[in-house]
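In my numbering, the protein residues as written are 512 to 787.
The beta-carbon is built from N, C-alpha and C at its ideal position, and this holds for glycine as well.
In what follows, a single structure is set out as structure tokens and then discussed.
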């Protein structure tokens, strides 16, 4: 299902939010405390907006860390209580998510680690089979093996569920790279428009070569990152090169490359593309 926010005003965000997301996997990136959880709560209806409109089907939100709430003493108790409110909850999928970390329904919730509590929260949201699923920092506290298995499960579910919209928030680019096709940067509480990774990739070229030549080609372009490797200089720019600059780079033997998904998401979390 598609999700639309039109000039939504929240007392917890400094600017109105306008978004339109089609089915697929989308990322929300930004440092801790910037407003990622606030945005997801707003979409889920946990925060009432003061203005604007939200057009969304039924949502399921997996809260993060200490914010996650569970019912009962054991995981099995939590599942039983959740099924009362959600009789169509997929118990088999719930258990499959637990299996990722070798958790059993008999495990005591109070003894779970932060990562395992997070996984129970994710299992609950995914098993709800909502048209729109919101996962707040779903990989927080998970080890590498469990993160990898959860990523694979999310990719599989996205392929199986027609018209499913999945929104993942994280403060780490590595959590989103390879999963999402676009990201929503949040900077200083301002929710920016979704950025398609493939469309924006050439806006952040990296020049590597002799220092003088690299500096000349970079010209007045904003520099986002700089590294000196002996006589070699590497600059990452915040604007695309024009055709003349690209030709000059080839003549001067300056290599021009584009960032991979992880590096690009990191850049977007720090520096929005022009026009945002």
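Proximal residues to residue i (C-beta, below 6 Å), its chain only, five neighbours per side dropped
{"i": "residue 716", "result": "748, 752, 767"}
{"i": "residue 638", "result": "600, 601, 604, 605"}
{"i": "residue 736", "result": "747"}
Where residue i sits in the DSSP three-state scheme
{"i": "residue 769", "result": "coil"}
{"i": "residue 699", "result": "coil"}
{"i": "residue 728", "result": "helix"}
{"i": "residue 714", "result": "helix"}
{"i": "residue 706", "result": "strand"}
{"i": "residue 531", "result": "strand"}
{"i": "residue 655", "result": "helix"}
{"i": "residue 745", "result": "strand"}
{"i": "residue 661", "result": "helix"}
{"i": "residue 594", "result": "helix"}
{"i": "residue 680", "result": "strand"}
{"i": "residue 568", "result": "coil"}
{"i": "residue 629", "result": "helix"}
{"i": "residue 519", "result": "strand"}
Assigned exposure category for residue i - 16 Cβ within 10 Å defines buried
{"i": "residue 651", "result": "buried"}
{"i": "residue 741", "result": "exposed"}
{"i": "residue 739", "result": "exposed"}
{"i": "residue 633", "result": "buried"}
Alpha carbon of residue i to alpha carbon of residue j, nearest angstrom
{"i": "residue 597", "j": "residue 760", "result": "59 Å"}
{"i": "residue 565", "j": "residue 702", "result": "15 Å"}
{"i": "residue 548", "j": "residue 519", "result": "15 Å"}
{"i": "residue 756", "j": "residue 517", "result": "40 Å"}
{"i": "residue 593", "j": "residue 562", "result": "31 Å"}
{"i": "residue 514", "j": "residue 734", "result": "35 Å"}
{"i": "residue 531", "j": "residue 772", "result": "22 Å"}
{"i": "residue 631", "j": "residue 776", "result": "27 Å"}
{"i": "residue 719", "j": "residue 613", "result": "46 Å"}
{"i": "residue 533", "j": "residue 770", "result": "25 Å"}
{"i": "residue 579", "j": "residue 588", "result": "15 Å"}
{"i": "residue 662", "j": "residue 690", "result": "7 Å"}
{"i": "residue 643", "j": "residue 623", "result": "27 Å"}
{"i": "residue 660", "j": "residue 653", "result": "10 Å"}
Spatial neighbours of residue i in its chain, beta-carbon cut-off 8 Å, leaving aside the 5 residues before and after
{"i": "residue 574", "result": "548, 580, 632, 647"}
(message) So, does the stretch 534-550 touch the stretch 678-697, judging by three or more C-beta pairs under 8 Å?
(response) yes
(request) Taking 8 Å as the threshold, find out whether the stretch 553-568 comes into contact with the stretch 521-528 through three or more Cβ pairs. (result) By the criterion of at least three beta-carbon pairs nearer than 8 Å, the stretch 553-568 is in contact with the stretch 521-528.
(message) Contact between the stretch 687-700 and the stretch 717-735 is defined here as three or more beta-carbon pairs at a separation below 8 Å; is this criterion met?
(response) no
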